[in-house]
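What follows is a set of notes on a single structure, which appears directly below.
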Amino acid sequence: MPDNTPVIQLQALGLGRPPWADSEEQTGENQWTYRSGFLSPRGVRDLGFLLVNGWDVSVHARSSQITIRARRKEQP
């Protein structure tokens, strides 16, 4: 597993393992997808930390499934 996944980045910030981490799937270079049945306030907080720390994050809700996509921004 790469050492630069969103989950590892959150743990490095001291935020612990997010609830949606078990569904981690790498979908491309520096891109990960997660699935969950809900997004708790803690999950929203975690996504905010990713946004501030150099990640593009998108959240898609369909029926009872939430898909989170995170992509590491290119470093100049």
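Just so we're on the same page, my numbering is the position in the sequence shown counted from 1, plus 438.
Just so you know, even glycine gets a beta-carbon here, dropped at the ideal spot from N, CA and C.
Model, not experiment: these values are computed from the prediction.
The closest CA to that of V482, considering only T465, V497, Q469 and I446, is found on V497. If you compare the alpha carbons of P457, L453 and T465 with that of S474, the shortest gap goes to P457. Shown here, S461 sits in a helix according to DSSP, grouped into three states. In this structure, the straight-line span from the alpha carbon of S461 to that of R455 is close to 12 Å. DSSP lists I504 as the bridge partner or partners of S474.
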